[in-house]
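Take a look at the structure below.
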Amino acid sequence: MWRGEKYRVECTPSHLLSLATKIAEAEATPYLEVYKQIIISIEAEYSGTRHIVAALLAEK
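Residue 50 in numbering that gives the first Met the number 0 is what sits at position 51 of the sequence shown, and the numbering runs on without skipping anything.
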């Protein structure tokens, strides 16, 4: 929630590839490198969240 509004982040492969292409054009970088960095970032966030949830559930 942000200021009472619900937001959804689109993480489908096609959407992420489209996003990577737009960023790559703006940064003059190969889009596959940008896509790879996006995927690595998402993986890191998911992994960190998964560990926190596991620790919280283990406390109960």
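Beta carbons are placed, not taken as given, at the ideal position from N, Cα and C, and that holds for glycine.
Assuming Ala19 contacts Ile37 under a Cβ cut-off of 8 Å, what Cβ separation, rounded to an integer in Å, is found between them? 6 Å
Kindly indicate which residue of Ala23, Tyr34, Ile22 and Lys5 has the alpha-carbon position closest to the one of Pro12. Tyr34
Please go through the same chain and pick out, in chain order, the residues whose beta-carbon is closer than 8 Å to the beta-carbon of Cys10, but skip the five residues on each side of it. Ile41
Through-space distance from His14 to His50, alpha-carbon basis: 27 Å
Specify, as a first and last residue, the run of the alpha helix (DSSP H) that Thr48 falls within. Tyr30 to Glu58
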